[in-house]
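Peer 1: First, the structure itself, so that you have it in front of you.
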Amino acid sequence: MASALDSIYVVIRALKPNIIVETGVANSASSFYILLALKKNNKGHLFSIDLPNLDPTSMIPKNKEVGWLVPQILRERWTLILGKVEEKLPDLLDKLGAIDVFYHDSLHTYEHMMFEFKTAWRKLIRGGLLISDNIDLNNAFIDFCKEVKASWIDLANVGFCLKNNFE
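Sequential numbering from 716 applies to the sequence shown in my numbering.
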């Protein structure tokens, strides 16, 4: 069975998106897979937002920074933005104008997930994908997909929501 990271990699390889926005980086395993797919595609850029590593109990090893798993060779297609998603995401999306893929893997509360989904959806192109990790933690992903009447699937606890071409 494919892992969540495998699913994300395959989707990015198939879609060949130009602009991806990701929230939640931590060690950067998902960022690594996305960036590897972009490198293989020879196109696209990943913009990632996360808090700096200030918490001594965080999942990031001591003396490591957010995104430490991403090797230098993959960083040319990556912009890492440190700060609160609530502050950085709206400004980034306004600056970018339109995005092809949005990937949520930050704070998994219902309210925060809905904030991210609604904020990103406005800038997601028709035919674009909204992706969310850990969709089993609450009903935000499914509720959002129903609210916007979008098709979705669950692959290894990662939700993929397609923005219909008819909106």
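Just so you know, even glycine gets a beta-carbon here, dropped at the ideal spot from N, CA and C. None of the values given here were measured: they were computed from a predicted structure.
For A741, does the count of other Cβ atoms within 10 angstroms reach 16, so buried, or fall short, so exposed?
Peer 2: Residue mapping note: residue 741 aligns to position 26 of the sequence shown, counting from 1. Buried is the call here.
Peer 1: Find the nearest neighbour of E826 within the set L720, E802, A813 and F856, judged by alpha-carbon distance.
Peer 2: Mapped onto the sequence shown, residue 826 falls at position 111. Ranked by Cα distance from E826, the options L720, E802, A813 and F856 are led by F856.
Peer 1: Three-state secondary structure (DSSP) at T837?
Peer 2: For this step, residue 837 is matched to residue 122 along the sequence shown. It should be noted that the sequence gives Arg, not Thr, for residue 837. Here R837 sits in coil by DSSP.
Peer 1: Let's test the definition: count the other Cβ atoms within 10 Å of the Cβ of M716 and tell me whether it reaches 16, buried, or not, exposed.
Peer 2: Locating residue 716 in the sequence shown gives position 1, counting from the first residue. Model confidence at M716 stands at a pLDDT of 43, short of 50, so the residue's coordinates are unreliable and nothing is read from them.
Peer 1: Can you check which of these residues, V736, V785, A719 and V725, is closest to N756 by C-alpha distance?
Peer 2: One-based indexing of the sequence shown puts residue 756 at position 41. Residue V725 is the option with its Cα nearest to N756.
Peer 1: Is it buried or exposed, M828, if we count other Cβ atoms within 10 angstroms and call 16 or more buried?
Peer 2: As a working mapping, residue 828 is identified with position 113 in the sequence shown. It counts as buried.
Peer 1: Under the rule that 16 or more other beta-carbon atoms within 10 Å means buried, what is K864, buried or exposed?
Peer 2: Along the sequence shown, one-based indexing puts residue 864 at 149. Burial call: exposed.
Peer 1: Taking C-alpha atoms, which residue in L720, S745, L839 and H823 lies nearest to L807?
Peer 2: Counting from one through the sequence shown, the residue named residue 807 turns up at place 92. For L807, the nearest C-alpha among the options comes from L839.
Peer 1: Could you tell me how far apart the beta carbons of V816 and I764 are, in whole angstroms, since I believe they sit closer than 8 Å?
Peer 2: One-based indexing of the sequence shown puts residue 816 at position 101. One-based indexing of the sequence shown puts residue 764 at position 49. Contact flag wrong, Cβ pair sits at about 14 Å.
Peer 1: As a quick exercise: from S743, D721, T738 and F762, pick the residue whose alpha carbon is nearest that of P732.
Peer 2: What you label residue 732 is simply residue 17 of the sequence shown in a count that begins at 1. Nearest of S743, D721, T738 and F762 to P732, Cα basis: F762.
Peer 1: According to DSSP, is I727 helix, strand or coil?
Peer 2: Taking the sequence shown and counting its residues from 1, one reaches residue 727 at position 12. Correct three-state label for I727: helix.
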